[in-house]
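Numbering (UniProt numbering), first residue to last: 1 to 303. Note that CB positions come from ideal geometry on N, CA and C, so glycine has one too. The next block holds one structure in the form of C-alpha cells; read it before the comments.
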Ligand code: FDA
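Laid out in C-alpha cells, this is it:
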C-alpha cells in the first residue's frame, strides 16, 4: 500500500517540479552525492580510493522541454569529460526520458549519439538505465541502434520483474551485451510483471546464471545478500572469473556490504547520482524500503 503510494508519487510531474523548486532534500542527501559535478567527482575519487568503482548519474527524468533535454545531454558530456580528466574508475548511467524520449524518439537518439560519440573518444562506458514498461521497447530499440555503431561502449539494463526479460535477452544475445541485471524499481501491471518477491528473485537468479553461461559481462545490481551469495556460488561452481562480472549497489545503501565484497576480491561498482532533480530517484528508494521514511522524518526534524 505504502510502496504503491510512493511509486505513484515518484512519477508525479507536479510533485517533481515542486520538489525541485523547494530545493530542500528531505533526507535525500543520504542517497545523492551533491548538486554539482565537482561534488560528485570528489565522491568518485573517495570511493575509488576505497577500491570501489563508480557509475555516475546526472539526475533527471521525464523532461518535456527540448532545451532542457539538450542541456541534460551537455551535462552528461561534461560528466564524461570530468571522469576522463580525473582518470577515475567510473562510467556513466543515464535515463532516456531525461534526454527527451517522451518528446521525440529521433531527437533523443541524436542526443544519445552525441553523448556516446564523446564517450568513445574518452573511452568511457555509457549505461542506459531502464525506466518503466511504457518506455521499455523504445529503450531496447535505441540500444540496438547505438550498439550497431558504438559497441562495446554502450550497455543496457534487464529488469527481472518483467515476464519478457528472458525473451529480451534472447533477442539481444548475438550482440554479446554488457547487462546490468536488476529486480526492477517501477510500479507495473501484473499483466507484464511478477508481483511477488519470490517470483522476481527466482527469475533474477535464472537471468544472471543464463547471462553468465553465455560468457557475457554481467553487472549484478542488488543489495539482496541471498542473490549475491547465489551469484558467488554459481560463479565458483562454473569457474566464471571475477573479470566477467561485478556487483553494483546504490550510493548510501548497504555500504558495509560493498566494502566486504571488495575485501573478498569482488569488483563492486557504486551508482552515484548527483544533481538537483533528485525527487523521482529518491521516492523510488523510499518505495523499495518504506522504513527509510523514518530516517527521512528524523532528518527533517533535525533541520
Ligand atoms: P530488495 O529490494 O529485495 O532488497 C534487499 C535488501 O537491500 C533489503 O532488505 C534492504 O536491506 C536493502 N535495500 C534495498 N533497497 C533499499 C533502499 N532503497 N534503502 C535501504 N535499503 C535497501 N531499477 C530499474 O528499474 N532500472 C534501473 O536501471 C535500475 N538501476 C539500478 C542500478 C543499481 C546499481 C542498483 C543497485 C539498482 C538499480 N535499480 C534499477 C533498482 C532495482 O531494480 C531495485 O529496485 C533495487 O535495487 C532494490 O532491490 P534489491 O535487488 O536491492 O533487493
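If you keep only unbroken beta strand (DSSP E) runs of at least 3 residues inside the region 55–123, you get 90–94. If you look at residue 204, you'll find it in the alpha helix (DSSP H) that goes 197–213. Checking the 7 Å criterion, the Cβ of residue 186 is within range of a heavy atom belonging to ligand 1. Listed in chain order, the non-local C-beta contacts of residue 285 below 8 Å within the same chain comprise 31, 250, 253 and 292, local neighbours out to five positions each way being set aside. Counting along the chain, the unbroken alpha helix (DSSP H) around residue 169 starts and ends at 165–172. For residue 46, the secondary structure class from DSSP, reduced to helix, strand or coil, is helix. Ligand 1 approaches residue 248 closely enough that one of its heavy atoms is under 7 Å from the residue's Cβ. The region 1–21 makes no contact with the region 190–207; the number of CB pairs closer than 8 Å stays below 3.
Cβ-Cβ distances below 8 Å link residue 223 to 249, 250, 253, 254 and 257 in the same chain, with the five nearest sequence neighbours on each side left out; the list follows chain order. With respect to residue 131, residue 179 sits apart: the two C-beta atoms are not nearer than 8 Å. Within the DSSP bridge table, the entry for residue 162 names 193 as partners.
Excluding its 5 nearest sequence neighbours in each direction, residue 240 has C-beta neighbours in its own chain below 7 Å: 212, listed in chain order. The three-state secondary structure of residue 262, taken from DSSP, is helix.
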